[in-house]
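Okay, structure first, notes after.
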Amino acid sequence: MLDSKVPAGPLAEKWSKHKFNLKLVNPANKRKYTIIVVGTGLAGSSAAASLAELGYNVKAFCYQDSPRRAHSIAAQGGINAAKNYQNDGDSVFRLFYDTVKGGDYRSREANVHRLAEVSVNIIDQCVAQGVPFAREYGGLLDNRSFGGAQVSRTFYARGQTGQQLLLGAYSALNRQINKGTVKMYNRHEMLDLVTIDGHARGIITRDMVTGAIESHEGHAVLLCTGGYGNVFFLSTNAMGCNVTAAWRAHKRGALFANPCYTQIHPTCIPVTGDHQSKLTLMSESLRNDGRVWVPKTVELAQKLRKGELKIADIKEQDRDYYLERKYPSFGNLVPRDVASRNAKEVVDEGRGVGASGIAVFLDFEDAIKRLGEDTVRAKYGNLFDMYYQITDENPYKQPMRIYPAVHYTMGGVWVDYNLMTTVPGLYALGECNFSDHGANRLGASALMQGLADGYFVIPYTVGDYLAGLGFAPVDKNHPNFEITRTEVEKRVRKLLSLKGSKTVDDIHKKLGHIMWEYCGMARNEAGLTKAKGLIQELRREFWNDVTVLGENEEMNQSLEKAGRVADFLELGELMVDDALNRRESCGGHFREESQTEEGEAKRNDEDFSYVAAWEYKGEDQPEVLHKEALVFENVKLTQRSYK
Amino acid sequence: MSGNMNLTLKVWRQKNDKTRGKFVTYQANGISSDMSFLEMLDVVNEDLVRKGEDPIHFDHDCREGICGMCSLHINGRPHGPKQGTTTCQLHMRSFHDGQTIVIEPWRAAAFPVIKDLAVDRSAFDRIQQAGGYINVNTGGVPDANGIPIPKIVADEAFESATCIGCGACVAACKNASAMLFVSAKISQYALLPQGQTERYSRAQAMVAQMDAEGFGSCTNTGACEAECPVGIKLTNIARMNREYLGAKILKQVEPH
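Chain order of the listed sequences is A and B. Position 411 of the first sequence, counting from 1, maps to 411 under full-length UniProt numbering, and the rest follow consecutively. Position 179 of the second sequence, counting from 1, maps to 179 under full-length UniProt numbering, and the rest follow consecutively.
This is the structure:
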């Protein structure tokens with residue numbers, strides 16, 4: 001069932017050979033095909049623009065009021081590319097190697113190598129579009145370093161790289177909209193996938209202004225709909241980020257891979273109370289100069305929390321710089337998963353700080369003494385300002401309080417080397433798919449993957465599929481469109497009929513607590529088993545006791561939320577199933593039963609060197625696991641150590 | 001953790017663009033000063049839902065101040081009383097216990113109300129579609145370092161490119177002019193070497209679309225600059241006027 005379609009031959013030649021072997025669609029025939037693109041972040045905008053340039057008809061959809069608002073816009077740090085402009089030993093192979101290792105050897109070699117290959121083209125493309133990357137005084141592009149690499153290969157535009165890259169892709173998209181080759185649908189949400197004879201042939205959408213439930217037909221459907229981090233309620237994702245499009249496709253036959261792989265980012269501003277709606281990231285770069293610590297003893301931490309002691313009262317010898325103590329060679333710059341787990345550990349011991357006790361300090365006192373406040377301001381000023389604005393605490397005068405938060409999901413829709421899912425004609429690009437980051441994503445690699453898929457992979461691979469279809473337009477009168485549309489309408493009506501006592505947010509917050517507690521930074525058999533039951537119970541509570549207001553034929557944010565949470569309630573259980581199945585620790589997935597004597601994550605390559613792809617079998621039926629074996633021919637598997 | 005601020009909200013409620021809207025008064029009690037303004041509205045909305053009343057609709061997404069989706073005219077000012085922030089980054093400590101807060105949508109003919117506080121800003125998209133890009137296809141472009149750009153120029157272009165497209169400039173302007181928004185994009189490309197080939201046709205196409213959308217003219221009062229959450233400068237408008245004038249003088253009227 002799972003044919004990854006990875007071409008034969010040496011790693012470095014796979015993509016070039018494959019491109020030559022892919023079938024082409026004659027330029028005059030491209031206009032006979034329509035491609036549907038769902039989502040307009042980096043992957044979606046770049047795909048829609050590039051495919052339209054080639055001559056295809058494209059219909060693009062986004063739930064926001066403009067394609068420019070997709071959450072790619074919030075990425076701060078940068079984008080990796082193997083340009084080796086710094087002459088510091090970078091190469092395509094090194095970027096490939098770092099990414100496979102960073103992913104804790106749970107990604108597909110051939111996909112990652114292709115990603116590294118096309119990374120150089122992405123930077124060229126963005127510069128040609130007028131993206132204002134940071135530059136040196138000589139006028140050439142500047143780079144910085146990021147976690148998990150020993151070279152400087154990260155291109156950036158201040159702390160707003162995602163914004164500038166997305167606006168570049170948005171400009172390319174706008175150019176095609178102006179030419180009439182892309183028809184753009186803003187404020188439209190995909191609610192189902194239409195298949196005919198097992199092939200993806202269209203989608204059902206809801207117009208979020210008028211409520212109209214519409215069918216759209218196409219020869220291929222591209223899901224570019226991002227990750228599912230909002231299953232945790234609190235995350236660094238945008239409020240609207242959701243799994244609905246991917247989940248609906250899953251229920252129509254697309255396998256869902258490695259759902260338990262979630263990235264918990266160590267440096268976020270902690271939760272202040274139940275009112276909290278989302279969490280804000282503080283860039284990883286802060287760990288270059290900030291020192292992480294908590295009080296050495298629980299008693300001191302308690303006094304601090306109660307206000308009986310001030311931070312300054314805690315003497316140097318009473319502070320535990322636990323990352324520096326445990327990992328002397330990497331110190332505060334250990335990878336994200338390690339930093340996050342250690343923060344949880346000290347908080348669980350009762351040594352956390354802040355009023356809630358669920359935070360650790362990130363202290364810049366030494367950096368300010370060493371470099372001076374002005375230098376620190378020049379490096380991190382905008383982040384310090386953002387922190388000050390949100391917490392009302394001045395990080396120049398007292399340490400930041402930080403705590404890990406859900407940030408990115410490595411799992412996603414299973415795709416082959418062509419980015420096609422197990423439903424022919426249905427593709428998944430960007431964070432929405434599972435393919436390139438294994439069990440842990442390195443910083444500055446998400447932007448790279450989104451644009452690689454959209455600009456440089458899908459324009460080649462989609463043609464291979466379309467060329468085999470013939471030129472007939474999709475039959476929009478096929479009964480499956482009406483059948484699927486009716487099902488969507490029925491579901492909307494069912495949601496609107498719910499008039500219980502709980503709000504959708506009540507249920508979503510409960511789900512978030514369950515996921516965070518049992519399927520978050522550390523997981524174990526008993527906790528996961530308990531979580532499975534709790535989620536099933538919560539799903540029943542949702543369908544019996546939630547309230548959804550208003551009607552369909554209007555802007556209805558109550559209804560929008562309810563539909564998304566209903567899907568999260570199903571996905572959450574699959575994440576737990578996947579985490580239960582994977583009795584090893586790898587990357588962001590830490591099973592307490594599988595750790596080294598020092599408490600570090602321990603992989604089990606013999607039994608778990610595979611992609612876990614889950615097949616939907618019907619309402620309340622257990623999903624069926626399919627395994628794609630991961631074969632490593634070019635890297636040697638080792639246990640990561642940061643001591 | 002709830003807080004101890006009690007507030008009176010006067011919120012604009014409007015079913016859709018075909019019905020008349022009105023102010024409705026709500027009490028927001030137990031508000032914490034740590035909440036963001038939108039989290040305060042979340043609390044009010046949760047109460048409304050529990051009472052079976054339609055929640056207040058407003059646009060928002062990233063809640064990090066970068067996507068540009070949130071709006072809101074708060075006590076007469078776009079994005080509220082604090083300078084240099086979006087509504088989502090505005091916190092309740094900028095208000096005091098007992099205060100009355102008036103919340104309205106962006107008011108501009110070119111931004112019709114969709115529902116309550118949510119407006120239709122697709123006019124901004126259409127202006128960008130008219131010419132806010134460089135005509136390059138994917139692939140076949142020069143090496144990124146083949147186009148050296150002085151740092152000072154790249155930095156200035158970045159300052160213009162940082163516009164989040166929220167529409168506060170239009171909402172702040174007594175003429176509902178969109179010139180700050182349009183000029184930011186025109187400036188970004190006019191400054192960069194990649195944008196030179198089409199600089200005049202771009203200025204003409206974008207200005208023509210801006211006029212067609214019904215935005216007002218600029219009378220240099222500078223309210224847009226004062227209210228812009230990301231600090232887009234008025235000098236962009238001066239540059240746009242130069243670009244537009246240049247296009248007229250050079251009579252470059254080729255389609256963009």
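Glycine is no exception: its CB is placed at the ideal position from the N, C-alpha and C atoms.
- Selection A:Gly-55, A:Asp-124, A:Val-292 evaluated against A:Gly-180 yields A:Gly-55 as nearest (Cα-Cα).
- Excluding five sequence positions before and after A:Gly-168, the CB atoms of its chain that fall closer than 6 Å to its own CB belong to Cys-126, Gln-129, Val-131, given in chain order.
- With a threshold of 16 other beta carbon atoms within 10 Å, B:Gly-165 meets it and is buried.
- If you ignore the 5 residues before and after A:Ala-526, its C-beta comes within less than 7 Å of no other C-beta in its own chain.
- The Cβ-Cβ distance between A:Val-504 and A:Ala-562 falls below 8 Å.
- Flagged as an interface residue toward chain B: A:Asp-392, by a C-beta distance shorter than 8 Å.
- In the three-state reduction of the DSSP assignment, B:Leu-90 falls in the coil class, being assigned neither a helical nor a strand state.
- For secondary structure counted as the beta strand (DSSP E) over 3 or more consecutive residues, the stretch 237-312 of chain A holds these complete runs in sequence order: 262-268, 291-295.
- When the alpha-carbon of A:Val-334 is set against those of A:Asp-3, A:Ala-149, A:Lys-602, A:Glu-551, the nearest one is in A:Ala-149.
- A:Leu-42 is not a Cβ neighbour of A:Ser-66, given a cutoff of 8 Å.
- Under the Cβ distance rule, B:Ser-183 does not count among the residues neighbouring chain A, no pair being separated by less than 8 Å.
- Here the C-alpha atom of A:Asn-524 lies approximately 40 Å from the C-alpha atom of A:Ser-46.
- Membership of A:Gly-463 in the alpha helix (DSSP H) is indicated by the continuous run 458-466.
- A direct Cα-to-Cα measurement between A:Asn-26 and A:Lys-636 gives close to 43 Å.
- Inter-residue distance for A:Gly-307 and A:His-265 is about 28 Å (C-alpha atoms, whole angstroms).
- Counting C-beta pairs closer than 8 Å gives three or more between the stretch 265-274 of chain A and the stretch 389-409 of chain A, which meets the contact rule.
- For A:Asn-186, the nearest beta carbon of chain B is closer than 8 Å to its own beta carbon.
- Distance from the CA atom of A:Phe-632 to the CA atom of B:Lys-233, rounded to whole angstroms, is 53 Å.
- Straight across, the Cα-Cα distance linking A:Val-100 with A:Tyr-380 is about 30 Å.
- At a beta-carbon threshold of 9 Å, the residues of chain B lying near A:Thr-547 are Val-49, Arg-50, Gly-52, ordered along the chain.
- At a beta-carbon threshold of 9 Å, none of the residues of chain A lie near B:Asp-97; the nearest stands roughly 16 Å away.
- Take the alpha-carbon of A:Ser-119 and the one of A:Ser-145: they are about 16 Å apart.
- According to the DSSP assignment, B:Asn-75 belongs to no alpha helix (DSSP H), since it is labelled neither H nor E.
- Of all residues in the stretch 155-188 of chain B, only Ala-157, Phe-158, Ala-161, Thr-162, Gly-165, Gln-188 place a beta-carbon less than 7 Å from a beta-carbon of chain A.
- The Cβ neighbour count for A:Asn-581, taken over all protein chains shown within 10 Å, is under 16; the residue is labelled exposed.
- Residue environment analysis places A:Gly-430 among the buried positions, since at least 16 neighbouring C-beta atoms fall within 10 angstroms of its C-beta.
- Taken in chain order, the unbroken stretches of alpha helix (DSSP H) that lie wholly in the stretch 573-623 of chain A and span 4 residues or more are 605-608.
- For B:Gly-132, the residues of chain A that pass the 7 Å Cβ criterion are Ser-171, Asn-174, in the order they occur in the chain.
- By the Cβ rule, the stretch 124-133 of chain B counts as touching the stretch 191-210 of chain B, because three or more pairs are nearer than 8 Å.
- When DSSP states are grouped into helix, strand and coil, A:Met-420 belongs to the strand group.
- Taking the C-beta atoms as reference points, B:Trp-106 is found no nearer than 8 Å to B:Ala-190.
- Take the alpha-carbon of A:Ile-535 and the one of A:Gln-276: they are about 22 Å apart.
- Across the stretch 8-25 of chain B, CB contacts with chain A closer than 7 Å involve Asn-16, in sequence order along the chain.
- Closest in C-alpha terms to A:Glu-623, from the list A:Lys-344, A:Glu-570, A:Gly-229, comes A:Glu-570.
- Only Lys-278, Thr-280 from the stretch 278-289 of chain A bring a Cβ to less than 7 Å from some Cβ of chain B.
- As computed with DSSP, A:His-626 is found in a beta bridge with A:Ala-613.
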